[in-house]
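**Student:**
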Amino acid sequence: MSEPERPYKRLSPLTPLVRSFLLVVAVAASTWDDLLRGDAGPIAWLLLGLLVAGAVYGAASWLRTKYWIEADELRVDTGVVSRQSRRIRVDRLQGIDISQPFVARIFGLAELKMDVAGGGAREGSLAFLPLREAQDLRTALLARRDAVRAGETDRAEPAAATDESVGSGPVVGAVAPPDRVLVSLDPAMLVVSLLLSAEFGAFLVSTLVFAGLFVFFGQIVGGLAAAVPLLGGLAVTLFRKLSAYYRLTVSETPAGLQVRRGLFELDAQTIAVSRVQGVVVTEPLLWRRLGWAKVDVSLAGYTSGDRDGKPSTSTVMPVAPRATALWLARRLLEEAGSPDPDAVPLTGPPQRARWVAPVRRRFQPSGLGEHLLVSREGVLGRRTHVVPYARVQSLQVHQGPWQRRFDLADLRVDSPPGPVRVRLRHRDAGEARRLLDRANESARRARSGQLPGSV
Amino acid sequence: MDDLFAPPGNDWRPVSPALARLRRSVLGAAGVVGLVLVVVATLLWSLPVLVWLPAVVVLLALLAWGWLLIGRNAQWWAYAERDEDLYVKHGVLFRAMVVVPYGRMQYVDVQAGPLEQLFKIASVHLHTASPGTSARIPGLPADEAARLRDRLTSQGEAQAAGL
């Protein structure tokens, strides 16, 4: 209130309700009956009191939360008791994602997640804004960032544009070119791919096993007690994947590739191609006949992996024809000159490696290409890990006592945290060393810009 | 000698013999404690020869084995500074060698615990953006550790490559 002249904006007034929607519904459902009958017990009153206190706090929090753009920074002031003021520098924004959790989607609201360079996790988030406003703010911020990065010192013009667009919605449109959809996921393919996944196989097998046990022993009740949690868990996992990846599209935006997806909860994630550390192409056993593949990506400063059991955010394309998947992989490796992972000649471990890895020896080919290090793994499913030289952090050779007996060694490529792990397993020891030195030299040249497209 | 761990142009620089001395001192101290325990137990419960003699023999054998292992491990631990990268090799049973380009270094740690200070050595640990990079050189003489750290940081700054 000390700065009344600021052109600040507030979040949507529905924010507190959306944040605690489930709680509100639960309290209302458990107490309204009692209250109407007029014989509310102490617990009902306590719940109601908590609800009122929560509502007051929520309203205060809403009143106290303001955001505005000021001198190339997005300022967000929050806090009821202790105040916080966060400034996010526009030129450090890597990407801005818009996500719509289910409840927010019902109310037409969205969350804006700012992905900031250098920060491990996401540093800034604005929740919740009307979807339109969120989109406009995103466009305005990205346009502002590009202007700042392009070194436009003339602040007046972009500032005016920003104020307008942050203002009341429909003015935008001139700033960003329309997004071009590159690949979209076929829903039928997604369903079939889930039916052919390992989880569904486990689901089917355990259903059959339990059904067999019922018939054999006639112990319906005890059997159900064991079966329901297991089957329920598997079903939830499958359904989560289906709802998370539903209607997934990969489109091209000025900030990078954007992945939009979701059935109930809409999620948009922007992948800055300059931050791609490597790619994994996965071909599960049952998909291989159909020629399908999945594409995952490692991004710098993006802690991927499963959040609360949700499908991984590192997945760019959950299922696509292999050619499309590889095309997407090349697209993601644009910075290294869009090399083709399939063009890298792969060789397997030598014959004598059968004493070290009798079965897996046949499934672990690897090789160095002109721009890429590639290794494969997996006996049933096949995973192809790809790292461009320009993204190699460090290289290691490892040799255990049993490997030394057969003059074999592993070459490992260290990458930032993510799904990509290139491992050249069980190569001839002398060859492993030559590969290490060669990869190191290529990585050096890639860093100093002597390989095309490298940084 | 070994193809796999041949020096990368420059010769390997070994770590200080003080590292083996330190580890052997710790081992020796542990051995003395073990022997004292055996003696005390023997006197307290007047254990028969058949119990305390094998215990002492096993203890001495373990000590001797550890003594040799420490020596070999310290001999194998070596590093080579080159113009743009650092090679580190270590391990006897499970051998490994890592190459870290200076441009990929995020930061360098120098550590010296109380015992290490007593033996005037320190360990240098290089970190990249990958948690898998295991580039640690223990048992460097304190002034060599400081020199290496300064060289690594200055080279890292000069050759820094973004992510």
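Sequence lines, in order, name chains A and B. Here the first sequence is numbered in this note's numbering, starting from 41 and rising by one per residue. Here the second sequence is numbered in this note's numbering, starting from -15 and rising by one per residue. The beta carbon of each residue, even a glycine, is placed where N, CA and C say it ideally should be.
Taking the alpha carbon of Y429 (chain A) as the point to measure from, which residue in A:G407, A:G331, A:W108 and A:P441 has its own alpha carbon closest?
**Tutor:** As a position in the first sequence, residue 429 (chain A) is number 389, starting the count at 1. Measuring from the Cα of Y429 (chain A), the nearest candidate turns out to be A:G407.
**Student:** Does any residue of chain A have a CB that is nearer than 9 Å to the CB of E68 (chain B)?
**Tutor:** Position 84 of the second sequence, counted from the first residue, corresponds to residue 68 (chain B). Closer than 9 Å to some Cβ of chain A, the Cβ of E68 (chain B) qualifies, so yes.
**Student:** Which class does W332 (chain A) belong to by DSSP, given the choice of helix, strand or coil?
**Tutor:** Locating residue 332 (chain A) in the first sequence gives position 292, counting from the first residue. The answer is strand: DSSP assigns W332 (chain A) an E or B state.
**Student:** Whether or not the region 82 to 90 of chain B and the region 105 to 118 of chain B are in contact is what I'm after, with contact meaning three or more pairs of Cβ atoms, one per stretch, closer than 8 Å; do they touch?
**Tutor:** Contact between the region 105 to 118 of chain B and the region 82 to 90 of chain B is present, because at least three Cβ pairs lie under 8 Å.
**Student:** May I have a chain-ordered list of the alpha helix (DSSP H) segments no shorter than 4 residues that lie completely inside the region 108 to 179 of chain A?
**Tutor:** For the region 108 to 179 of chain A, whole alpha helix (DSSP H) runs of length 4 or above, ordered along the chain, are 142 to 146.
**Student:** Quick check on DSSP: helix, strand or coil for V206 (chain A)?
**Tutor:** Here residue 206 (chain A) is taken as the residue at index 166 of the first sequence, counted from 1. Its pLDDT being 39, under 50, V206 (chain A) is placed unreliably by the model, and nothing is read from it.
**Student:** Classify G424 (chain A) as buried or exposed, calling it buried when 16 or more other Cβ atoms lie within 10 Å of its own Cβ.
**Tutor:** Residue numbering aside, residue 424 (chain A) sits at position 384 when the first sequence is read from its first letter. In the sequence as displayed, the identity of residue 424 (chain A) is Thr instead of Gly. So T424 (chain A) ends up on the buried side.
**Student:** Would you decide whether P82 (chain A) is buried or exposed? Buried here means 16 or more other CB atoms lie within 10 Å of its CB.
**Tutor:** Position 42 of the first sequence holds residue 82 (chain A). Exposed, since its Cβ has fewer than 16 Cβ neighbours within 10 Å.
**Student:** If you follow the beta strand (DSSP E) that P122 (chain B) is in, where does it begin and where does it stop?
**Tutor:** The residue given as residue 122 (chain B) occupies position 138 in the second sequence. A119 to P125 is the span of the beta strand (DSSP E), which, as asked, contains P122 (chain B).
**Student:** Using alpha carbons as the reference points, say which of B:L102, B:G12, B:P(-8) and B:A145 lies closest to L46 (chain B).
**Tutor:** Along the second sequence, read from residue 1 onward, the residue named residue 46 (chain B) stands at position 62. Selected option, being the one with the closest Cα: B:G12.
**Student:** Could you check what DSSP says for G81 (chain A) in three-state terms: helix, strand or coil?
**Tutor:** Residue mapping note: residue 81 (chain A) aligns to position 41 of the first sequence, counting from 1. If DSSP states are grouped into helix, strand and coil, G81 (chain A) belongs with coil.
**Student:** Mind pulling the chain B residues with CB within less than 8 Å of L476 (chain A)?
**Tutor:** Counting from 1 along the first sequence, the entry for residue 476 (chain A) is found at position 436. In chain order: M81 and V83.
**Student:** Hey, W60 (chain B) and G75 (chain B) are a contact pair by Cβ (cut 8 Å); roughly how many whole angstroms apart?
**Tutor:** What you label residue 60 (chain B) is simply residue 76 of the second sequence in a count that begins at 1. What you label residue 75 (chain B) is simply residue 91 of the second sequence in a count that begins at 1. The pair is a contact, with the Cβ atoms about 7 Å apart (cut-off 8 Å).
**Student:** By the criterion of Cβ-Cβ separation under 8 Å, what are the contact partners of L132 (chain B) in chain A?
**Tutor:** The residue you call residue 132 (chain B) lines up with position 148 of the second sequence. Chain A residues near L132 (chain B): none, gap ~17 Å exceeds 8 Å.
**Student:** Would you mind working out which of B:A14, B:G15 and B:A39 sits nearest A25 (chain B), comparing C-alpha positions?
**Tutor:** By one-based count along the second sequence, residue 25 (chain B) stands at place 41. Out of B:A14, B:G15 and B:A39, B:A39 has the C-alpha closest to the C-alpha of A25 (chain B).
**Student:** Would you mind sorting I311 (chain A) into buried or exposed? The rule is 16 or more other CB atoms within 10 Å of its CB.
**Tutor:** Taking the first residue of the first sequence as 1, we reach residue 311 (chain A) at position 271. So I311 (chain A) counts as buried.
**Student:** Can you tell me where the beta strand (DSSP E) with D468 (chain A) in it begins and where it stops?
**Tutor:** Translated into the one-based positions of the first sequence, residue 468 (chain A) becomes position 428. First-last of the beta strand (DSSP E) with D468 (chain A): R463 to D468.
**Student:** Going straight from the alpha carbon of Q317 (chain A) to that of P457 (chain A), what length do you get?
**Tutor:** Against the first sequence, residue 317 (chain A) aligns to sequence position 277. Against the first sequence, residue 457 (chain A) aligns to sequence position 417. Computed Cα separation, rounded: 9 Å.
**Student:** Taking the continuous beta strand (DSSP E) assigned at G407 (chain A), which residues delimit it?
**Tutor:** Against the first sequence, residue 407 (chain A) aligns to sequence position 367. First-last of the beta strand (DSSP E) with G407 (chain A): S406 to L408.
**Student:** Please report how far the alpha carbon of S205 (chain A) lies from the alpha carbon of S415 (chain A), in whole angstroms.
**Tutor:** In the first sequence, the residue the question calls residue 205 (chain A) occupies position 165. In the first sequence, the residue the question calls residue 415 (chain A) occupies position 375. Model confidence at S205 (chain A) stands at a pLDDT of 37, short of 50, so the residue's coordinates are unreliable and nothing is read from them.
**Student:** Locate the alpha helix (DSSP H) running through M229 (chain A), then write down its first and last residues.
**Tutor:** Against the first sequence, residue 229 (chain A) aligns to sequence position 189. Taken as a continuous stretch (DSSP letters only), the alpha helix (DSSP H) holding M229 (chain A) covers P227 to L235.
**Student:** Going by beta carbon distance, what residues of the same chain come within less than 7 Å of G296 (chain A), once the five residues before and after it are set aside?
**Tutor:** Numbered from its first residue, the first sequence carries residue 296 (chain A) at position 256. Here the set comprises G135, T310, I311, A312 and V313.
**Student:** Return the CA-CA distance between S344 (chain A) and T353 (chain A), expressed in angstroms with no decimal places.
**Tutor:** Within the first sequence, residue 344 (chain A) is the residue found at index 304, counting from 1. Within the first sequence, residue 353 (chain A) is the residue found at index 313, counting from 1. In this predicted model, S344 (chain A) has a pLDDT of only 47, less than 50, meaning its place in the structure is not dependable enough to derive any value.
**Student:** Taking buried to mean at least 16 other C-beta atoms within 10 Å of its own C-beta, is S70 (chain A) buried or exposed?
**Tutor:** In the first sequence, residue 70 (chain A) corresponds to position 30, counting from 1. Flag for S70 (chain A) reads exposed.
**Student:** Can you tell me whether P53 (chain A) is buried or exposed? The criterion is at least 16 other CB atoms within 10 Å of its CB, across all chains shown.
**Tutor:** Reading the first sequence from its first residue, position 13 is the one you call residue 53 (chain A). Its Cβ having fewer than 16 others within 10 Å, P53 (chain A) is exposed.
**Student:** Between R370 (chain A) and the rest of its own chain, which residues show a CB-CB distance below 8 Å, the 5 nearest in sequence each way excluded?
**Tutor:** Here residue 370 (chain A) refers to the residue found at position 330 when the first sequence is read from its first residue. Only S378, P379, D380 and P381 meet the Cβ criterion.
**Student:** Quick check on the DSSP output: the beta strand (DSSP E) that includes E65 (chain B) runs from which residue to which?
**Tutor:** Here residue 65 (chain B) refers to the residue found at position 81 when the second sequence is read from its first residue. Here the beta strand (DSSP E) through E65 (chain B) covers A62 to E65.
**Student:** Do L373 (chain A) and V319 (chain A) have their beta-carbon atoms positioned less than 9 Å apart in this structure?
**Tutor:** Position 279 of the first sequence, counted from the start, is the residue given in the question as residue 319 (chain A). Position 333 of the first sequence, counted from the start, is the residue given in the question as residue 373 (chain A). In contact: V319 (chain A) and L373 (chain A) (Cβ atoms closer than 9 Å).
**Student:** Hey, quick one: how far does the beta strand (DSSP E) through A449 (chain A) stretch, first residue to last?
**Tutor:** The residue labelled residue 449 (chain A) in the question sits at position 409 within the first sequence. Run containing A449 (chain A): L448 to D454, per the beta strand (DSSP E) assignment.
**Student:** With H, G and I counted as helix, E and B as strand and the rest as coil, what does DSSP make of Y86 (chain B)?
**Tutor:** Counting from one through the second sequence, the residue named residue 86 (chain B) turns up at place 102. It is helical.
**Student:** Which chain A residues sit within Cβ distance under 7 Å of D(-13) (chain B)?
**Tutor:** In the second sequence, counting from the first residue as 1, residue -13 (chain B) sits at position 3. Near D(-13) (chain B) (Cβ distances below 7 Å), the residues of chain A are A469, G470 and R473.
**Student:** Are the region 458 to 468 of chain A and the region 482 to 489 of chain A in contact at 8 Å, needing three or more beta carbon pairs?
**Tutor:** The region 458 to 468 of chain A, when compared against the region 482 to 489 of chain A, does not touch it at the 8 Å Cβ threshold.
**Student:** Any residues in the region 424 to 439 of chain A with a beta carbon nearer than 9 Å to a beta carbon of chain B? Which ones, in chain order?
**Tutor:** Going along the region 424 to 439 of chain A in chain order, one finds A430, R431, V432, Q433, S434, L435, Q436, V437, H438 and Q439 with a Cβ nearer than 9 Å to chain B.
**Student:** For V223 (chain A) and T289 (chain A), what's the separation of their Cα atoms in angstroms?
**Tutor:** Here residue 223 (chain A) refers to the residue found at position 183 when the first sequence is read from its first residue. Here residue 289 (chain A) refers to the residue found at position 249 when the first sequence is read from its first residue. C-alpha separation (whole angstroms): 6 Å.
**Student:** Spatial neighbours of P1 (chain B) within its chain, please: C-beta separation below 8 Å, excluding the five flanking residues on both sides.
**Tutor:** Stepping through the second sequence from its first residue, residue 1 (chain B) is reached at position 17. Excluding sequence neighbours, P1 (chain B) sits near A58.
**Student:** Compare the C-beta of L53 (chain B) against all C-beta atoms of chain A and say whether one is closer than 9 Å.
**Tutor:** Along the second sequence, one-based indexing puts residue 53 (chain B) at 69. It does not: the Cβ of L53 (chain B) has no partner Cβ on chain A nearer than 9 Å.
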